[in-house]
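Numbering (the UniProt record's numbering), first residue to last: 1 to 367.
Only one structure is covered here, and it is reproduced in the block below.
Structure representation (structure tokens):
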């Protein structure tokens with residue numbers, strides 16, 4: 001699974017296609033091999049049926065010989081006549097009867113070979129009689145394969161023959177057929193299968209390409225959108241949220257991420273606006289306190305200035321009074337009382353100024 005996690009989607013699809021092609025080729029080869037075996041078995045079965053028919057005829061003749069109704073030579077002559085007429089596969093199939101000594105007793109295709117020794121070897125030099133003897137040692141029937149010369153073909157071709165031993169006549173019945181056409185049929189079947197498989201493969205490749213585009217392109221757009229969101233661009237569009245597959249689920253998840261980011265940005269903006277509003281209100285309050293402080297200080301200063309003016313006037317009056325102390329003793333006493341009152345007024349103004357300063361300090365501390 002870790003290996004698949006390292007592969008891109010396109011590579012995975014290509015790997016899947018390669019496995020599909022390998023499986024398709026394997027199935028085609030298996031089907032071709034099975035077809036060849038089935039056709040080969042059908043051909044052997046046809047040869048066996050022809051041989052069994054000839055042997056059945058020979059068995060009937062043997063029963064007549066045993067009953068004394070027919071002489072042995074007459075029976076063999078009738079067998080030859082019957083073998084000459086037993087043709088099949090458009091005349092290409094025939095029966096050959098050999099004696100145990102290898103002499104042609106009857107030949108369905110070449111009657112002039114009758115009474116002569118059968119060909120000792122095939123086209124590749126293999127002893128046909130040895131092949132027949134080896135098969136019949138294991139039983140009365142069997143098949144042999146060898147190379148024969150097909151008319152009109154220069155090179156030897158594969159051939160299969162079915163043989164059966166008939167003890168009453170001490171003869172071997174043989175029927176053979178070439179099998180090179182089987183491979184031609186198999187090749188034709190492979191070509192047909194390749195054509196159909198090629199069409200299917202093209203269709204699969206097209207579908208795989210569409211699937212690749214349907215997955216990789218939306219994922220690429222999602223990757224770009226996520227990069228934009230990470231960079232702070234919350235206006236980027238999220239495509240694919242309407243899909244019902246895994247890509248759609250991923251797009252919906254990215255959309256939720258975007259919505260949360262927008263909500264967080266809204267809350268941050270509201271918090272920033274609230275902080276700015278509080279700062280503005282704090283600054284306005286401080287300005288009001290400063291203006292109030294300035295007004296109260298101005299009032300105190302004005303009061304002090306007025307008191308100082310009065311004190312200066314009183315001092316002048318006292319100086320004048322001192323010059324005429326004797327004459328204005330009562331006036332001096334009154335002036336002294338007035339000075340005492342003014343001093344008390346200045347002291348009160350000073351206390352009020354001190355209280356205002358303390359109040360301004362407390363307000364500034366609270367803000």
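Glycine is no exception: its CB is placed at the ideal position from the N, C-alpha and C atoms.
- Selection 196, 229, 98 and 202 evaluated against residue 265 yields 229 as nearest (Cα-Cα).
- Between residue 131 and the set 36, 95, 164 and 292, the nearest pair of CA atoms involves 164.
- By the beta-carbon neighbour count (other beta carbons within 10 angstroms, threshold 16), residue 234 is exposed.
- With the rule of 3 Cβ pairs closer than 8 Å, the stretch 70-81 counts as touching the stretch 41-61.
- Per DSSP, the unbroken alpha helix (DSSP H) holding residue 194 starts and ends at 180-230.
- Per DSSP, the beta bridge partners of residue 165 are 172.
- Under the Cβ criterion (8 Å, minimum of three pairs), the stretch 215-224 counts as touching the stretch 234-251.
- Note: residue 97 is bridge-paired with 106 and 173 in the DSSP secondary-structure output.
- A direct Cα-Cα distance of roughly 46 Å separates residue 226 from residue 195.
- In the displayed model, residue 83 falls within a helix according to three-state DSSP.
- Pairing residue 32 with residue 150 gives a Cβ-Cβ distance that is not under 7 Å.
- The C-alpha of residue 313 lies about 18 Å from the C-alpha of residue 301.
- Taking C-beta separations shorter than 6 Å and ignoring five residues to either side along the sequence, residue 237 has no partners in its chain.
- DSSP places residue 238 in no alpha helix (DSSP H); its state is neither H nor E.
- Three or more beta-carbon pairs separated by less than 8 Å link the stretch 152-170 to the stretch 127-144, which places the two stretches in contact.
- When C-beta atoms of the stretch 191-211 are compared with those of the stretch 103-112, fewer than three pairs fall below 8 Å, so the two segments do not count as touching.
- Residue 61 is positioned such that its CB atom lies no closer than 7 Å to that of residue 49.
- Taking C-alpha positions only, residue 64 is separated from residue 141 by approximately 24 Å.
- In this structure residue 67 does not touch residue 166 by the C-beta definition: roughly 18 Å separates them, more than the 8 Å allowed.
- Beta bridge pairing from DSSP links residue 144 with 161.
- Residue pairing of residue 121 in beta bridges, as defined by DSSP: 127.
- Listed in chain order, the non-local C-beta contacts of residue 28 below 8 Å within the same chain comprise 190, 193, 194 and 197, local neighbours out to five positions each way being set aside.
- Beyond the five residues adjoining it in sequence on each side, residue 15 comes within less than 8 Å, by CB distance, of 7 in the same chain, given in chain order.
- For residue 243, there is no enclosing alpha helix (DSSP H), since its DSSP letter is neither H nor E.
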